[in-house]
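Inspection log for the structure reproduced underneath, given as structure tokens.
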Amino acid sequence: MREKLKALAELQNVDLEVASLRKAADVHPRQIAELERELGVARSAIEAERARVSDMEKQKAQLEQNITDEKDKVKKWETRLSEQRSTREYSALAREIDIAKKANLTMAEELTELTKQLGGAREAIKSKEADYATKQQGLSGRMTELRGKLGEAESQVKGLEGRRAEVASSVDATLLRRYEVVRKKKLPAMVGVVAGTCQGCNMNVPPQLYNQLRTGLGTDICPSCNRIIYAVEALQETPAASK
Ligand SMILES: [Zn+2]
Numbered sequence: 010m011r012e013k014l015k016a017l018a019e020l021q022n023v024d025l026e027v028a029s030l031r032k033a034a035d036v037h038p039r040q041i042a043e044l045e046r047e048l049g050v051a052r053s054a055i056e057a058e059r060a061r062v063s064d065m066e067k068q069k070a071q072l073e074q075n076i077t078d079e080k081d082k083v084k085k086w087e088t089r090l091s092e093q094r095s096t097r098e099y100s101a102l103a104r105e106i107d108i109a110k111k112a113n114l115t116m117a118e119e120l121t122e123l124t125k126q127l128g129g130a131r132e133a134i135k136s137k138e139a140d141y142a143t144k145q146q147g148l149s150g151r152m153t154e155l156r157g158k159l160g161e162a163e164s165q166v167k168g169l170e171g172r173r174a175e176v177a178s179s180v181d182a183t184l185l186r187r188y189e190v191v192r193k194k195k196l197p198a199m200v201g202v203v204a205g206t207c208q209g210c211n212m213n214v215p216p217q218l219y220n221q222l223r224t225g226l227g228t229d230i231c232p233s234c235n236r237i238i239y240a241v242e243a244l245q246e247t248p249a250a251s252k
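Going by my numbering, the letters in the sequence shown line up with residues 10 to 252, in that order.
Shown next as structure tokens:
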């Protein structure tokens, strides 16, 4: 009985090791996704800044066009001004020219301001691009590292799975079947009973069952949590237990 128990305990150790490796490795894909998300956010910020610059460029081109149009208009009007015979018409047109020139001055000031802003925004993009490149370089190094760790964990799991098959072959078939059923729901699937208490659910097992486990050094099922249970004395290397 004790040998059966030991074989299953060994199998469970392999399973626990696989589970802990998987759990530890599980953090890597999440970290990689997080780094990719960070890069995406930085990229979007640059795209938004570029869109803003492109808008400003359009505004600037429009403003320049307006200024040119207004200047042409003023030129035409000035030509017409010299042809005016009536004083009333002359002064009316002269006033129009004056207004148009003032408007042009305002637009020219706007253009200067816009050009300045545009220069600033272009500089900002350049520095954001540089930051992004630095960040990307750092993150891609980190990603390579994480992918390496992930691959390493996967190959360790694969190795353990090979070992598992070997260990499983020496476990009693009935016990193995039961273990596999419980393992799908609970790991550890096999737990010790210490001083009458199941270590899986912390409930007391009936005293008669506990006595059977201690004397028979075999296994049974915990009535509370359905795990495979054994008396911890059965796996202890004491002369009394190994008899
Ligand atoms: Zn239990």
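All residues carry an ideal CB built from backbone N, CA and C; glycine is no exception. This one's a predicted model, so the numbers in the text were calculated from it and none came from an experiment.
request  = Indicate the three-state DSSP secondary structure (helix, strand or coil) for residue 204 in the structure shown.
outcome  = coil
Proximal residues to residue 205 (C-beta, below 8 Å), its chain only, five neighbours per side dropped = 213, 214, 216 and 219
query = Of all the options 21, 245, 124 and 137, which has the alpha carbon lying nearest to the alpha carbon of residue 57?
reply = 137
request  = For residue 239, write down the residues that DSSP places opposite it in a beta bridge.
outcome  = 201
query = According to the neighbour-count rule (16 or more other Cβ atoms, all chains shown, within 10 Å of its Cβ), is residue 74 buried or exposed?
reply = exposed
request  = Helix, strand or coil for residue 113, going by three-state DSSP, please let me know.
outcome  = helix
ask   = Just to confirm, does residue 11 get its C-beta within under 7 Å of one of the non-hydrogen atoms of ligand 1?
value = no
message = Is residue 209 close to ligand 1? I mean its beta-carbon at under 7 Å from any heavy atom of the ligand.
response = yes
task = Measure how close the beta-carbons of residue 200 and residue 236 come, nearest whole angstrom, since I'm counting them as under 8 Å.
result = 5 Å
request  = Please indicate yes or no: does the CB of residue 3 lie closer than 7 Å to some heavy atom of ligand 1?
outcome  = The structure shown does not extend to residue 3, since the chain spans only 10 to 252, so no value can be given for it.
inquiry  = Any heavy atom of ligand 1 closer than 7 Å to the beta-carbon of residue 233?
reply    = yes
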